[in-house]
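*Asks:*
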Amino acid sequence: MTLVEISGGLGNQLFQYAMARRLALRGDGIMHADLYQLGLPQNQPPRKFRLDLFHSCVQPLPWHCVWRYSKREFLDRLTRRYLPKKLARRLLSLAARRGLKSPCAYRFDACVSGRPKPMLQIGMVVSERQFHFDPEVLDLSGDLLLMGYWQTEKYFADIAPQLRAELQVKTPQTGQNLAVGCQMRAQQSVSLHIRRGDKAVAKDFNGSTAEYHQRAMAWFRERLSNPVFFVFTDDWDWVQQHLPAAPDVIHVNHNSQDQEYEDLRLMSQCRHHIIALSSFSWWGAWLNPSPDKLVVCPPHKRWFNFPNCDTVDIFPDTWVQIDDL
121 MTLVEISGGL GNQLFQYAMA RRLALRGDGI MHADLYQLGL PQNQPPRKFR
171 LDLFHSCVQP LPWHCVWRYS KREFLDRLTR RYLPKKLARR LLSLAARRGL
221 KSPCAYRFDA CVSGRPKPML QIGMVVSERQ FHFDPEVLDL SGDLLLMGYW
271 QTEKYFADIA PQLRAELQVK TPQTGQNLAV GCQMRAQQSV SLHIRRGDKA
321 VAKDFNGSTA EYHQRAMAWF RERLSNPVFF VFTDDWDWVQ QHLPAAPDVI
371 HVNHNSQDQE YEDLRLMSQC RHHIIALSSF SWWGAWLNPS PDKLVVCPPH
421 KRWFNFPNCD TVDIFPDTWV QIDDL
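Mapping of the sequence shown onto our numbering: residues 121 to 445, in sequence order.
1. Alpha carbon to alpha carbon, what distance is there between P182 and D154?
2. Hey, D266 and A405 are a contact pair by Cβ (cut 8 Å); roughly how many whole angstroms apart?
3. Hey, Q308 and P281: beta-carbon distance below 8 Å or not?
4. Out of R315, F228, D437, A277, which one is the CA nearest neighbour of N428?
5. With distances taken Cα to Cα, identify the nearest neighbour of F426 among V359, G295, Q250.
6. Do W402 and L384 have their C-beta atoms closer together than 8 Å?
7. Quick one, which of H374, Q157, H333 has its alpha-carbon nearest C473's?
8. Please identify the residue among D196, C224, R201 whose C-alpha is closest to the C-alpha of S213.
9. Assuming F400 and I370 make a contact with CB atoms under 8 Å, what is their CB distance in whole Å?
10. Identify whether T272 lies in helix, strand or coil by the three-state DSSP scheme.
11. With DSSP collapsed to three states, give me the class of F350.
12. Excluding the 5 residues preceding and the 5 following R343 in the sequence, name in chain order all residues of the same chain whose CB lies nearer than 8 Å to its CB.
13. Taking one C-beta from the region 253–272 and one from the region 382–397 each time, how about it: are there three or more such pairs within less than 8 Å?
14. Span of the alpha helix (DSSP H) holding V300?
15. With respect to the beta strand (DSSP E) encompassing T122, which residues constitute its N-terminal and C-terminal limits?
16. Three-state secondary structure (DSSP) at I434?
17. Pick from S398, L407, L312: whose alpha carbon is nearest that of A365?
18. Measure from the alpha carbon of S190 to the alpha carbon of each residue in P411, G243, S398, N373, then state which is nearest.
19. Do I314 and V372 come within 8 Å of each other at the CB atom, strictly closer than that value?
20. In whole angstroms, give me the CA-to-CA distance for I126 and G159.
21. Report all residues from its chain with a CB closer than 7 Å to the CB of R284; omit the five preceding and five following residues, and keep chain order.
22. Return the residue from the list D437, L130, L173 that minimises the CA-CA distance to P292.
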């Protein structure tokens with residue numbers, strides 16, 4: 121059985137699902153979700169488990185089921201859950217100094233050039249040790265607890281048709297979403313995602329720039345006859361200022377924040393895509409099964425600003441990287 125720790129927003133959760141699904145299919149096909157990270161108060165903005173909105177093959181397990189995979193992690197969670205915060209912090213610090221630290225830790229930046237790679241698997245716990253593709257992961261089998269982000273299709277490209285089927289929204293498309301979807305299919309539609317929000321001010325991430333989107337739109341206008349851009353964003357004030365609505369620029373702003381899965385479905389129904397530095401629009405483009413789609417993305421080096429993280433594998437080879445500088 122494969123247990124995958126779920127963290128982050130919908131885009132991150134889809135990457136985690138895809139990685140776990142790929143490994144589960146090597147074994148008994150059974151996979152479950154560990155939602156412990158989603159419930160931590162320090163996670164801001166708060167995130168919800170969203171994989172249940174799709175035809176996914178994963179069921180959440182209670183936090184204490186981690187006992188089967190790592191007793192050290194179970195004791196850590198027990199300590200944090202039932203002891204006063206200061207006492208819990210002291211006990212966990214003491215345990216770490218004595219070599220009793222839980223193996224359940226995010227360490228995708230652990231690989232440092234010139235040094236030996238850290239272990240990939242400790243007991244049943246598999247923690248992502250580098251951000252770029254790690255082929256040894258695909259050789260793993262048996263009962264596993266997966267921790268990481270796994271942000272490259274190289275982990276799951278060989279099961280792409282199955283994933284695209286499982287990651288369809290369960291509920292039928294209705295109302296305005298149905299109407300917009302029909303409009304997209306009838307035109308040379310291009311989804312255009314603008315990601316601002318917390319990324320616009322966070323030092324470790326990069327938000328969307330007007331220059332990038334203008335260059336990407338120009339790229340499509342040179343290659344397509346009468347493209348129509350369908351805009352999705354988390355910052356409509358910024359969009360109104362930099363990319364106002366026009367006959368060929370349609371603002372898709374009718375879905376609420378809790379209906380982000382509807383925006384994802386609409387993105388995937390466009391013929392072509394301009395994605396942001398965002399796992400959300402990455403999946404909006406990837407879920408489109410058309411072999412004729414064109415996808416424009418920012419340079420992979422701008423994905424984020426963490427040290428020791430090689431982002432060379434983040435985008436499929438067929439996607440076109442356009443700089444905004």
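We put the beta carbon where it would ideally sit given N, CA and C, even for glycine.
Remember, it's a predicted structure, so these values are computed and weren't measured experimentally.
*Replies:* Concretely, from the data shown:
1. Roughly 7 Å between the two C-alpha positions.
2. Note that residue 266 corresponds to Leu in the displayed sequence, not to Asp. With 8 Å as the limit, L266 and A405 do not qualify as a contact, their Cβ atoms being about 24 Å apart.
3. No; because the gap between Cβ atoms is not below 8 Å, this pair is not in contact.
4. When each option's Cα is compared against that of N428, the closest is F228.
5. Here the closest residue by C-alpha is Q250.
6. No, the pair does not count as a contact, with Cβ atoms beyond the cut-off.
7. The chain is shown from 121 up to 445; residue 473 falls before or after that span and cannot be answered.
8. Comparing Cα positions, the closest option is D196.
9. Between F400 and I370, the beta carbon gap of about 19 Å keeps them out of contact (Cβ cut-off 8 Å).
10. Coil.
11. F350: strand per DSSP, three-state reduction.
12. By the criterion of a C-beta distance shorter than 8 Å, R343 is surrounded in its chain by L414, once the five residues flanking it on both sides are discounted.
13. Not touching, per the Cβ criterion.
14. Here the alpha helix (DSSP H) through V300 covers 295–305.
15. Under the DSSP assignment, T122 falls in the beta strand (DSSP E) whose first and last residues are 122–125.
16. Correct three-state label for I434: coil.
17. With distances taken between Cα atoms, A365 lies closest to L312.
18. The residue among P411, G243, S398, N373 with its C-alpha nearest the C-alpha of S190 is G243.
19. In this structure, I314 does not lie closer than 8 Å to V372 by Cβ.
20. Just so you know, the alpha carbons of I126 and G159 end up roughly 10 Å apart.
21. Closer than 7 Å at Cβ, skipping near neighbours: L407, P409.
22. Considering only alpha carbons, the answer is L173.
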